[in-house]
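S.K.: Okay, here's the structure, questions in a sec.
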Ligand SMILES: Nc1nc2c(c(=O)[nH]1)N[C@H]1C(S)=C(S)[C@@H](COP(=O)(O)OP(=O)(O)OC[C@H]3O[C@@H](n4cnc5c(N)ncnc54)[C@H](O)[C@@H]3O)O[C@H]1N2
Ligand code: MOO
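Numbering (full-length UniProt numbering), first residue to last: 1 to 420.
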């Protein structure tokens, strides 16, 4: 007679004898292996935002290029002593883009506007509002330190200084920096092409069949549109690989024809009879069966298909997104030539209670409530897509057991912290 095991009813219970990889170890292992897999191209600076720099950049010009005034006012040779001072005005003025032609005679002041180069002979500027002036003189009350309201040449960036390093994601701030120091073109990594594939005979592309005509058991594909959108938001090139049927040869065909730099597939990685993704990757795709101690998302398959990294994500949409954020996100950035990304989290007071079991990392759909506390979605069900949308991020609980009460501090990772 066959003898059943003791009921545990917890698919996250750690089977005895199985070697579970803690989440951080899995990330460290991945980090040590992934390298840039894309070539480079040159792009104009006004089109480089969102791209990843493929070279170190050196300033071609200082910022500011010359000493200049930070305010509208009058420039003179500082300092000004304590008390009233009256200075004769030199003829003419210095304006941004129209420098004063000549030197300011000793003991004189000159009218100057914000951004104007400080003419030879002056180094200090008094704010217009702090002066009284007529055609001949300007009067002010000291003291004013030498150099007040003036900006030194190169005080921000020196010509020849390395301003940005290869691997840097370029944001609007970097566009300004590059522009200011005379860079008009930069070498960037070509966009990483990321293929997204769904698996399962039950999965129907949205828009193909109206709800009233859907077969019993059929579901709309939520993962592929979600992951394609996420890939695009991260600045990679999304490639729609469609839906693979529950047949090994159908899946093989999809993978063979993908022509991408990395693949995200969802579904078919657990241990069920139809879980042909892990079966195929194990047989032909150098799969590493990483049993990562994480909830949701334990069945994560990491493989290499003919040289292309494949992230075999769980089918449940919540687990698919969590695994994408936690594992695929940093790896994709590194494959794309960027730096390994670690999400910036915040320790905030909990607005919920939870008993957390030891031995696995957990991610809960969460958002910050009006009282500044972190609330979690009412269900941890991994198919509850509405909770992904309800949330603004995830609470991360590490492997340690915890008894969380309202007010205890928990780690909140906004979705945006995965953007890099
Ligand atoms: N006996 C066990 N069963 C399961 C275990 C386990 O440990 N023992 N783990 C569960 C967990 S956790 C997960 S996650 C899933 C992972 O399974 P698969 O990756 O093989 O995914 P599927 O079985 O194909 O699908 C799971 C679920 O997700 C739905 N799904 C799949 N693809 C999509 C899609 N593109 N869009 C929307 N929804 C999708 C699918 O219909 C299923 O409901 O295994 C558990 N089982
Ligand atoms: O890992 Mo499963 O996705 O929790 O539901």
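Built from N, CA and C at the ideal position, the CB exists for glycine as well.
Computed from a predicted model, the values in this text were never measured in an experiment.
Can you check whether the CB of residue 364 is closer than 8 angstroms to the CB of residue 318?
M.R.: no
S.K.: What residues does ligand 2 have around it, judged by CB closer than 7 angstroms to any heavy atom, in chain order?
M.R.: 295, 296, 297, 298, 299, 314, 316, 318, 319 and 382
S.K.: Any chance you could list the beta strand (DSSP E) runs of at least 3 consecutive residues sitting entirely within the segment 51-92, in chain order?
M.R.: 73-76
S.K.: Provide the residue span of the alpha helix (DSSP H) that contains residue 231, from first to last.
M.R.: 223-233
S.K.: Kindly confirm or deny that the segment 292-307 and the segment 347-356 touch, where touching means at least three C-beta pairs closer than 8 angstroms.
M.R.: no
S.K.: Quickly, what does DSSP pair residue 41 with across the bridge? List them, please.
M.R.: For residue 41, DSSP records a beta bridge to 188.
S.K.: Could you spell out where the alpha helix (DSSP H) holding residue 280 opens and where it closes?
M.R.: 276-284
S.K.: Does the beta-carbon of residue 286 have 16 or more other beta-carbons within 10 angstroms, so that it is buried, or is it exposed?
M.R.: By the C-beta density criterion, residue 286 is exposed, having fewer than 16 other C-beta atoms within 10 angstroms.
S.K.: Can you check which of these residues, 2, 163 and 51, is closest to residue 336 by C-alpha distance?
M.R.: 51
S.K.: Nearest to residue 296 by CA position, among 379, 345, 239 and 340, is which residue?
M.R.: The shortest C-alpha separation from residue 296 is found at 379.
S.K.: Could you have a look at residue 2 and say whether DSSP puts it in helix, strand or coil?
M.R.: When DSSP states are grouped into helix, strand and coil, residue 2 belongs to the coil group.
S.K.: With a 10 Å radius around its C-beta and 16 neighbouring C-beta atoms as the bar for buried, classify residue 251 as buried or exposed.
M.R.: buried
S.K.: Tell me which residues share the same chain as residue 88 and place their Cβ nearer than 8 angstroms to its Cβ, disregarding the 5 neighbours each side in the sequence.
M.R.: Answer for residue 88: 107, 108, 109, 136 and 137, listed in chain order.
S.K.: Does DSSP put residue 336 in a helix, a strand or coil?
M.R.: coil
S.K.: Tell me whether residue 230 is buried or exposed, calling it buried when 16 or more other Cβ atoms sit within 10 Å of its Cβ.
M.R.: buried
S.K.: Please name the residue in 234, 275 and 261 whose C-alpha comes closest to that of residue 421.
M.R.: In this structure the chain extends from 1 to 420, so residue 421 is not present and cannot be described.
S.K.: What residues in its chain sit with their C-beta under 8 angstroms from that of residue 161, if we drop five residues either side in the sequence?
M.R.: Beyond the five residues adjoining it in sequence on each side, residue 161 comes within less than 8 angstroms, by CB distance, of 58 and 59 in the same chain, given in chain order.
S.K.: Are there 16 or more other CB atoms within 10 angstroms of the CB of residue 381, so buried, or fewer, so exposed?
M.R.: exposed
S.K.: Helix, strand or coil for residue 294? Go by DSSP, reduced to three states.
M.R.: strand
S.K.: Which class does residue 387 belong to by DSSP, given the choice of helix, strand or coil?
M.R.: Here residue 387 sits in helix by DSSP.
S.K.: When the Cα atoms are used, what is the spatial distance from residue 419 to residue 167?
M.R.: 15 angstroms
S.K.: Mind checking residue 199: buried by the 16 CB within 10 Å criterion, or exposed?
M.R.: buried
S.K.: Where does residue 46 fall in DSSP's three states?
M.R.: helix
S.K.: What residue range does the alpha helix (DSSP H) around residue 252 cover?
M.R.: Where residue 252 is concerned, the enclosing alpha helix (DSSP H) stretches over 248-256.
S.K.: Any heavy atom of ligand 1 closer than 7 angstroms to the CB of residue 240?
M.R.: no
S.K.: Could you pull the start and end residues of the alpha helix (DSSP H) that residue 178 belongs to?
M.R.: 172-180
S.K.: Between the Cα of residue 125 and the Cα atoms of 103, 150 and 132, which residue gives the shortest distance?
M.R.: 150
S.K.: Let me check you understand the geometry: is the CB of residue 222 closer than 7 angstroms to at least one non-hydrogen atom of ligand 1?
M.R.: yes
S.K.: Any idea what DSSP makes of residue 358, helix, strand or coil?
M.R.: coil
S.K.: Please work out which residues of its chain come closer than 8 angstroms, Cβ to Cβ, to residue 358, disregarding the five sequence neighbours upstream and downstream, and give them in chain order.
M.R.: 399, 400 and 401
S.K.: For the segment 275-284 against the segment 328-345, do three or more pairs of beta-carbon atoms, one drawn from each stretch, fall closer than 8 angstroms, so that the two count as touching?
M.R.: no
S.K.: Give me the residue from 65, 220 and 54 with the minimum Cα distance to residue 37.
M.R.: Of 65, 220 and 54, the residue nearest in Cα terms is 54.
S.K.: DSSP state of residue 321, grouped into three classes?
M.R.: helix
S.K.: Identify, in the order they occur along the chain, each residue of the same chain with its Cβ nearer than 8 angstroms to the Cβ of residue 181, setting aside the five sequence neighbours on each side.
M.R.: Spatial neighbours of residue 181 in its own chain (CB-CB distance under 8 angstroms, excluding positions within 5 residues in sequence) are listed in chain order as 59, 60, 61, 62, 63, 157, 159 and 163.
S.K.: Beta carbon of residue 285: closer than 7 angstroms to some heavy atom of ligand 1?
M.R.: No, the Cβ of residue 285 stays beyond 7 angstroms of every heavy atom of ligand 1.
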